[in-house]
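Chemist: Counting in our numbering, the sequence shown runs from 10 upward without gaps.
Just so you know, even glycine gets a beta-carbon here, dropped at the ideal spot from N, CA and C.
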Amino acid sequence: MFIKKDLRKIPAIIADLSRTDDTVQSPPSIPGRRDVLDLSRRPSEFSGRISALSSRLPSLPTGDLRNLRLLNLYASGITNLEGIARLADALPGLEALHLGGNPVRDLPSEMRPLVFRHNLEDLWLEDCEIELLPECLSATEETSASSFIALRLTGNKLSGSLDDGPCPLGSLPTSLRTLALDRNNLGPTLSSGIAALINLEVLHLRQNDLTELPDCFAPLQSLTVLHLSSNRLVSLPDSITQCISLTELYVNGNRLTDLPVGMEGIEGLRKLYAQDNKIVALDESFAHRFGLPEGEVGACTKDPTCEVLLAQNPVAETPVSKKRTRSEMNAEDNDREENQEMSLDPSST
10 MFIKKDLRKI PAIIADLSRT DDTVQSPPSI PGRRDVLDLS RRPSEFSGRI SALSSRLPSL
70 PTGDLRNLRL LNLYASGITN LEGIARLADA LPGLEALHLG GNPVRDLPSE MRPLVFRHNL
130 EDLWLEDCEI ELLPECLSAT EETSASSFIA LRLTGNKLSG SLDDGPCPLG SLPTSLRTLA
190 LDRNNLGPTL SSGIAALINL EVLHLRQNDL TELPDCFAPL QSLTVLHLSS NRLVSLPDSI
250 TQCISLTELY VNGNRLTDLP VGMEGIEGLR KLYAQDNKIV ALDESFAHRF GLPEGEVGAC
310 TKDPTCEVLL AQNPVAETPV SKKRTRSEMN AEDNDREENQ EMSLDPSST
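(1) In the structure shown, what three-state DSSP assignment does G277 receive?
(2) With distance defined between alpha-carbon atoms, name the residue in E130, G102 and I87 nearest to L116.
(3) By the 10 Å Cβ neighbour count, where 16 or more other Cβ atoms means buried, how is P52 classified, buried or exposed?
(4) Can you name the start and end residues of the beta strand (DSSP E) that E316 belongs to?
(5) Measure the C-alpha to C-alpha separation of L206 and R17 and round it to an integer number of angstroms.
(6) For P112, count the other beta carbons within 10 Å of its own beta carbon; 16 or more makes it buried, fewer makes it exposed. Which is it?
(7) Can you name the start and end residues of the beta strand (DSSP E) that D47 belongs to?
(8) Any C-beta of chain D sitting closer than 8 Å to the C-beta of G86?
(9) Let me confirm a value: A21 is counted as buried when at least 16 other C-beta atoms fall within 10 Å, else exposed. Which label applies?
(10) Measure the C-alpha to C-alpha separation of R28 and I59 and round it to an integer number of angstroms.
(11) Within 10 angstroms of its Cβ, does H107 collect 16 or more other Cβ (buried), or is it exposed?
(12) Would you please state the rounded distance, in angstroms, between the beta carbons of L209 and R186? I believe it to be under 8 Å.
(13) Our contact map puts D247 next to G202 with C-beta atoms below 8 Å; I'd like the distance itself, whole angstroms only.
(14) Curious, which full-length alpha helix (DSSP H) runs of at least 4 residues does the stretch 129 to 165 contain?
(15) In three-state DSSP terms, what is A21?
(16) Whose C-beta lies closer than 8 Å to the C-beta of E276 among residues of the same chain, with five residues either side of it excluded?
(17) Using the Cβ count rule (16 or more neighbours within 10 Å means buried), how would you classify E273?
(18) Is the beta carbon of L79 sitting closer than 8 Å to the one on D44?
(19) Starting from E293 and walking both ways along the alpha helix (DSSP H), at which residues does that stretch end?
(20) Indicate the three-state DSSP secondary structure (helix, strand or coil) for P72 in the structure shown.
(21) Below 8 Å on the Cβ atoms is my contact criterion, and I expect L195 with G179 to pass it. Report the Cβ-Cβ distance as a whole number of Å.
(22) Kindly indicate the opening and closing residues of the beta strand (DSSP E) around E257.
(23) Along the chain, which unbroken stretches of the beta strand (DSSP E) at least 3 residues long are found entirely within the stretch 177 to 222?
(24) Taking only the alpha-carbon atoms, compute the straight-line gap between F55 and C137 and give it to the nearest angstrom.
(25) Which residues does DSSP list as the beta-bridge partners of V234?
(26) Identify, in the order they occur along the chain, each residue of the same chain with its Cβ nearer than 6 Å to the Cβ of V124, setting aside the five sequence neighbours on each side.
(27) When the Cα atoms are used, what is the spatial distance from S49 to S63?
(28) Roughly how many whole angstroms lie between the Cα atoms of T149 and H297?
(29) Locate the alpha helix (DSSP H) running through A97, then write down its first and last residues.
(30) Have a look at A283 and D224 and give me their C-alpha separation to the nearest angstrom.
(31) Looking at the strands, I want to know which residues DSSP matches up with H107.
(32) May I ask which residues mark the beginning and end of the alpha helix (DSSP H) holding A290?
So, in structure tokens, the structure goes:
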């Protein structure tokens with residue numbers, strides 16, 4: 010659906026939303042939605058500073074500002090977030106803040122109350138220029154009950170394992186349910202601090218530079234979706250099989266040579282995408298539940314409740330008559346070695 014942009018300037022829009030009489034016009038985004046304020050793509054009005062908005066907000070919430078749930082400031086050329094704390098007072102119902110597409114390098118400390126002592130649930134910071142996890146996102150015992158549940162940092166300049174810096178990965182709020190770190194430069198491994206985020210349900214780590222993962226996923230008992238595609242992983246940690254709530258696992262586009270033993274034990278698994286890897290064989294127990302890959306997409310179809318795709322792996326490209334499980338291949342290798350030893354032993358003739 011095409012949504013017509015509100016052509017009024019920011020002062021006029023805020024003045025309109027602040028009114029308490031019946032002359033209030035419709036908010037500038039979705040028709041009929043008085044809880045969404047869309048001020049995206051307005052670089053000429055913001056002139057790099059969020060204060061172009063925050064300084065115009067009343068000190069106390071009035072009118073429709075009291076019911077505002079989503080504020081979209083996407084791609085407005087904002088670099089300076091000084092004054093953002095005022096949003097907490099003027100917009101008490103704010104649940105989602107979209108700051109993506111702005112050349113922001115860090116978040117100021119004054120943003121901490123907005124994250125931890127407010128109703129904010131979802132913070133969008135995708136496609137910015139953030140190099141370290143901001144200190145204002147670091148949780149303490151006093152902030153553990155935060156309502157903050159989603160942090161989206163896709164397409165930034167984060168690098169390394171996220172073990173260090175003003176906010177190590179394990180210091181993020183345990184209230185987080187969604188964490189998106191796609192398209193950064195994380196690697197060669199990820200901080201074991203990820204195990205502290207025990208309420209995570211969705212974790213995005215696509216298109217980084219990861220070659221390995223810490224074997225510490227067991228505490229993530231609520232994890233349902235794990236995106237690891239387009240990295241350089243050569244193996245997966247065994248503890249992933251202990252994520253009992255996992256329903257979707259995406260590991261396509263890596264360098265995996267096998268899958269962890271025990272994948273078949275994740276009862277709720279509904280999608281396993283492992284195309285474009287280097288998987289040579291599958292464990293017997295895996296084949297017992299899911300079957301062996303067939304057809305162009307390398308689909309394992311024995312379990313109709315789970316979509317398993319293994320195309321562009323050696324195990325999928327092997328003719329059906331020659332497909333072997335890992336144990337069968339090991340047995341054949343042992344037989345071959347014994348035959349070679351016997352052929353070299355003069356006493357055997």
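Modeler: Quick answer:
(1) Counting from 1 along the sequence shown, the entry for residue 277 is found at position 268. Correct three-state label for G277: coil.
(2) The residue you call residue 116 lines up with position 107 of the sequence shown. For L116, the closest of E130, G102 and I87 by C-alpha to C-alpha distance is I87.
(3) For the purposes of this step, residue 52 is taken as the residue at position 43 of the sequence shown. Classification for P52: exposed.
(4) The residue labelled residue 316 in the question sits at position 307 within the sequence shown. Run containing E316: E316 to L318, per the beta strand (DSSP E) assignment.
(5) Stepping through the sequence shown from its first residue, residue 206 is reached at position 197. Stepping through the sequence shown from its first residue, residue 17 is reached at position 8. When rounded, the distance between both Cα atoms is 43 Å.
(6) Position 103 of the sequence shown holds residue 112. Looking at its Cβ environment, which holds fewer than 16 other Cβ atoms inside 10 Å, P112 is exposed.
(7) Mapped onto the sequence shown, residue 47 falls at position 38. Segment V45 to D47, the beta strand (DSSP E) holding D47.
(8) Reference to chain D is not applicable here, since this structure consists of a single protein chain.
(9) The sequence position of residue 21 within the sequence shown is 12, counting from 1. Exposed, by the Cβ-count rule.
(10) Numbered from 1 along the sequence shown, position 19 holds the residue referred to as residue 28. Numbered from 1 along the sequence shown, position 50 holds the residue referred to as residue 59. Using only the alpha carbons, I get a separation of about 22 Å.
(11) To locate residue 107, count along the sequence shown from 1; it is residue 98. Buried is the call here.
(12) What you label residue 209 is simply residue 200 of the sequence shown in a count that begins at 1. What you label residue 186 is simply residue 177 of the sequence shown in a count that begins at 1. Going by Cβ atoms, the distance from L209 to R186 rounds to 6 Å, so yes, they are a contact pair.
(13) Mapped onto the sequence shown, residue 247 falls at position 238. Mapped onto the sequence shown, residue 202 falls at position 193. About 19 Å separates the Cβ atoms of D247 and G202, ruling out a contact at the 8 Å cut-off.
(14) none
(15) The residue labelled residue 21 in the question sits at position 12 within the sequence shown. Of the three classes helix, strand and coil, the one that applies to A21 here is helix, per DSSP.
(16) Within the sequence shown, the letter at position 267 stands for residue 276. Hits under 8 Å: I253.
(17) Here residue 273 is taken as the residue at index 264 of the sequence shown, counted from 1. So E273 counts as buried.
(18) Here residue 79 refers to the residue found at position 70 when the sequence shown is read from its first residue. Here residue 44 refers to the residue found at position 35 when the sequence shown is read from its first residue. A distance below 8 Å separates the beta carbons of L79 and D44.
(19) As a working mapping, residue 293 is identified with position 284 in the sequence shown. Residues E293 to F299.
(20) Position 63 of the sequence shown holds residue 72. According to the sequence provided, residue 72 is Gly. The question's Pro does not apply to it. Helix.
(21) Residue numbering aside, residue 195 sits at position 186 when the sequence shown is read from its first letter. Residue numbering aside, residue 179 sits at position 170 when the sequence shown is read from its first letter. About 15 Å separates the CB atoms of L195 and G179; that is not less than 8 Å, and the two are not in contact.
(22) Within the sequence shown, numbered from 1, the residue matching residue 257 stands at position 248. E257 -> beta strand (DSSP E) spans E257 to Y259.
(23) Within the stretch 177 to 222, the complete beta strand (DSSP E) runs of at least 3 residues are 187 to 189 and 211 to 213.
(24) Taking the first residue of the sequence shown as position 1, residue 55 is located at position 46. Taking the first residue of the sequence shown as position 1, residue 137 is located at position 128. Taking the straight line joining both Cα atoms gives about 16 Å.
(25) By one-based count along the sequence shown, residue 234 stands at place 225. Note: V234 sits in a beta bridge opposite V211 and E257.
(26) The count along the sequence shown starts at 1 and reaches residue 124 at position 115. Result list for V124: F157, in chain order.
(27) Reading the sequence shown from its first residue, position 40 is the one you call residue 49. Reading the sequence shown from its first residue, position 54 is the one you call residue 63. Each residue's alpha carbon lies about 15 Å from the other.
(28) Here residue 149 corresponds to residue number 140 of the sequence shown, with the count starting at 1. Here residue 297 corresponds to residue number 288 of the sequence shown, with the count starting at 1. Distance from the CA of T149 to the CA of H297, rounded to the nearest whole angstrom, comes to 46 Å.
(29) One-based indexing of the sequence shown puts residue 97 at position 88. Per DSSP, A97 belongs to the alpha helix (DSSP H) from R95 to A99.
(30) Start at 1 with the first residue of the sequence shown, and residue 283 comes out as number 274. Start at 1 with the first residue of the sequence shown, and residue 224 comes out as number 215. Using only the alpha carbons, I get a separation of about 19 Å.
(31) The residue given as residue 107 occupies position 98 in the sequence shown. BP columns for H107 point to N81 and W133.
(32) Position 281 of the sequence shown, counted from the first residue, corresponds to residue 290. Counting along the chain, A290 falls outside any alpha helix (DSSP H), and DSSP gives it neither H nor E.
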